[in-house]
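Undergrad:
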Amino acid sequence: MEVIKIKTVRQQMREEMSAKRKELVPEEVKQYSEAICNKLQELVGIENARTIMGFSSFGNEVQLMPWLESIADEKQILLPRVEKGGLMVAVPFTGWENVKSGPFGIKEPIGEPFDLKKIDVVIVPGLVFDYKGYRLGYGKGYYDRFLKELQELRNDVFLCGVCYDFQIIDTIHPHERDVPVHWIVTEKSELVVDWNHF
0 MEVIKIKTVR QQMREEMSAK RKELVPEEVK QYSEAICNKL QELVGIENAR TIMGFSSFGN
60 EVQLMPWLES IADEKQILLP RVEKGGLMVA VPFTGWENVK SGPFGIKEPI GEPFDLKKID
120 VVIVPGLVFD YKGYRLGYGK GYYDRFLKEL QELRNDVFLC GVCYDFQIID TIHPHERDVP
180 VHWIVTEKSE LVVDWNHF
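Okay, so the sequence shown: first residue is 0 according to numbering that gives the first Met the number 0, each after it adds one.
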């Protein structure tokens, strides 16, 4: 498929999936998010992890924070923060009193960036995922750059995508720079992309 056509198709996917996700009512978001978090809790890769990077949800994204806060006594919890120049870093979450609003109004932690080499798990959001683990975000490339840098430092980090079941499609027509996740969890199922990771 031509490069220009792929860009158009990917943008259409973003717009269509964003619109579909906006149709979810708060009770659906809460119910689906709880189901996803229950599945995450049981994953061996997460159970054995000491440091987990999650995210503070935007719009109708999967809501991880209630679960992440519930395990914060036993795990180091990190959240993303976008720095000037578009660089994304991982920062320890130490409570809602230590966060500020970043781009798009997303809550971001205040503090020093965490050592990437010590991250065991990254729970990755996305507008669209495909069956090979590739994802589409909002098109800014924050996660693509972050995950590539992370894997260059530590190739055993567990990348787990989370989304609603309707957000998984056959292919997103990935670019060379796209980094696939190893596992995808939805409210209905789990998609194993790479058994060899374990």
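No residue lacks a Cβ here, since even glycine has one placed at the ideal position from N, Cα and C.
1. Between the stretch 152 to 168 and the stretch 181 to 194, can you find at least three pairs of beta-carbon atoms closer than 8 angstroms?
2. Could you pull the start and end residues of the beta strand (DSSP E) that P79 belongs to?
3. Assuming contact is defined by CB atoms lying nearer than 8 angstroms, are M16 and V127 in contact in what I supplied?
4. Would you say T170 and D143 are within 8 angstroms of each other, going by their C-beta atoms?
5. So for G236, helix, strand or coil by DSSP?
6. What separation, rounded to the nearest whole angstrom, lies between the Cα atoms of C36 and S55?
7. Between which two residues does the alpha helix (DSSP H) carrying E68 extend?
8. Could you tell me whether the Cβ atoms of K139 and R176 are closer together than 8 angstroms?
9. Could you tell me whether the stretch 85 to 94 touches the stretch 19 to 28, where touching means 3 or more Cβ pairs closer than 8 angstroms?
10. Would you list the one or two residues that DSSP bridges to P91?
11. What residue from S32, T185, G132 has the CA that sits closest to H174's CA?
12. What does the Cβ neighbour count give for L86, buried or exposed, with the cut at 16 atoms within 10 Å?
13. With DSSP run on the structure shown, which of helix, strand or coil describes Q36?
14. Tell me where the alpha helix (DSSP H) around V43 begins and ends.
15. Alpha carbon to alpha carbon, what distance is there between G110 and V90?
16. Go to F128, then tell me how far its beta strand (DSSP E) extends in each direction, as first and last residue.
17. Consult DSSP for V178 and reduce its assignment to one of helix, strand or coil.
TA: Taking the geometry as given:
1. As far as the Cβ criterion goes, the stretch 181 to 194 touches the stretch 152 to 168, which means the pair count is three or higher.
2. Position 80 of the sequence shown holds residue 79. Unbroken beta strand (DSSP E) run through P79: 75 to 81.
3. As a working mapping, residue 16 is identified with position 17 in the sequence shown. As a working mapping, residue 127 is identified with position 128 in the sequence shown. A contact, by the Cβ cut-off of 8 angstroms.
4. As a position in the sequence shown, residue 170 is number 171, starting the count at 1. As a position in the sequence shown, residue 143 is number 144, starting the count at 1. Cβ distance not < 8 angstroms, so T170 and D143 don't count as in contact.
5. The first residue shown for the chain is 0 and the last is 197, placing residue 236 beyond what the model contains.
6. In the sequence shown, residue 36 corresponds to position 37, counting from 1. In the sequence shown, residue 55 corresponds to position 56, counting from 1. Those two C-alpha atoms are separated by around 14 angstroms.
7. Taking the sequence shown and counting its residues from 1, the one referred to as residue 68 is at position 69. From DSSP, the alpha helix (DSSP H) with E68 extends over 64 to 69.
8. Mapped onto the sequence shown, residue 139 falls at position 140. Mapped onto the sequence shown, residue 176 falls at position 177. No.
9. Counting Cβ pairs under 8 angstroms, fewer than three are found: no touch.
10. Residue mapping note: residue 91 aligns to position 92 of the sequence shown, counting from 1. DSSP output for P91 lists L77 as bridge partner(s).
11. Translated into the one-based positions of the sequence shown, residue 174 becomes position 175. Considering only alpha carbons, the answer is G132.
12. Here the question's residue 86 lines up with position 87 in the sequence shown. That one is exposed.
13. The sequence position of residue 36 within the sequence shown is 37, counting from 1. A quick correction: the sequence has Cys, not Gln, at residue 36. In the structure shown, C36 sits in a helix (DSSP, three-state: H, G or I).
14. To locate residue 43, count along the sequence shown from 1; it is residue 44. Counting along the chain, the alpha helix (DSSP H) containing V43 begins and ends at 43 to 46.
15. In the sequence shown, the residue the question calls residue 90 occupies position 91. In the sequence shown, the residue the question calls residue 110 occupies position 111. Using only the alpha carbons, I get a separation of about 6 angstroms.
16. Here the question's residue 128 lines up with position 129 in the sequence shown. Its beta strand (DSSP E) spans residues 127 to 129.
17. Here residue 178 refers to the residue found at position 179 when the sequence shown is read from its first residue. V178: coil per DSSP, three-state reduction.
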